[in-house]
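Residue numbers are given in the numbering used here: position 83 of the sequence shown equals residue 436, and the series is strictly consecutive.
In this text, a Cβ means the ideal position worked out from N, Cα and C, and glycines have one as well.
Given the structure is predicted, the values throughout are model-derived calculations rather than measurements.
Structure first, then comments.
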Amino acid sequence: MKELLRRMLKFSTNLTAEAAGLTATAAKGVSTPSLIASGSRMAGWARTKFGANGVRFLDHSGLGYDSSISPQDMVEILRGDTRVGELMKSMSLPNPRVKGATLTKVAVSAKTGTLNFVSSLAGYVTTESNRTLVFAIFTADTERRDAIPPEMRERPRGARRWANQSRNLQKQLLANWAVSFDQA
354 MKELLRRMLK FSTNLTAEAA GLTATAAKGV STPSLIASGS RMAGWARTKF GANGVRFLDH
414 SGLGYDSSIS PQDMVEILRG DTRVGELMKS MSLPNPRVKG ATLTKVAVSA KTGTLNFVSS
474 LAGYVTTESN RTLVFAIFTA DTERRDAIPP EMRERPRGAR RWANQSRNLQ KQLLANWAVS
534 FDQA
């Protein structure tokens, strides 16, 4: 199961996320009639176990338009169970002090989330002095997202450029935090 979840996170396999969530709900002895009911159970679990009181899940993939989680709640969940970091992708960060270089003694385990004009990155940064930082960065241009006509939702104009700019911002923030908050 661990390898399946690792691949699910790596390749953002939404169908696997839905199946894993439904399976987890059933393993708790709860029969749910729908993804919405199962997602709601998962949200209740997150509130109870991690104090993530603002979560609302309509499914397990995060694709439900009315699903929501704040960056603070995401951090509470990640802080509450750091084992999930073992399942996340590793990534490198640019060195904020040396143009074109990377931070070689900094480790990042993170999960991305991308929709049109919405981008998230959440996970763990281990600094050079072995300090672990937990983070969640959510960026969105909701006006542009809401203005996408239905026939353009597969590839709306400007979405790719916007996503690249968002990812660059996320990496710059993490790199600066890894350096600035290196000492406990």
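- Counting every other CB atom within 10 Å of its CB across the protein chains shown gives TYR418 a total below 16, marking it as exposed.
- The three-state reading of DSSP puts ARG506 in coil, since its state is none of H, G, I, E or B.
- If you draw a straight line from the Cα of VAL487 to the Cα of ALA399, it is about 17 Å long.
- For the pair ALA475 and LEU440, the CB atoms are not nearer than the 8 Å cut-off.
- Rounded to the nearest whole angstrom, the C-alpha separation of VAL428 and ALA390 is 24 Å.
- Taking a C-beta distance under 8 Å as the contact criterion, LYS524 and PRO447 qualify as a contact pair.
- Around the beta carbon of ASN483, fewer than 16 other beta carbons lie within 10 angstroms, which makes this residue exposed.
- The count of Cβ pairs closer than 8 Å, one atom from the segment 516-534 and one from the segment 464-472, reaches three, so the stretches are in contact.
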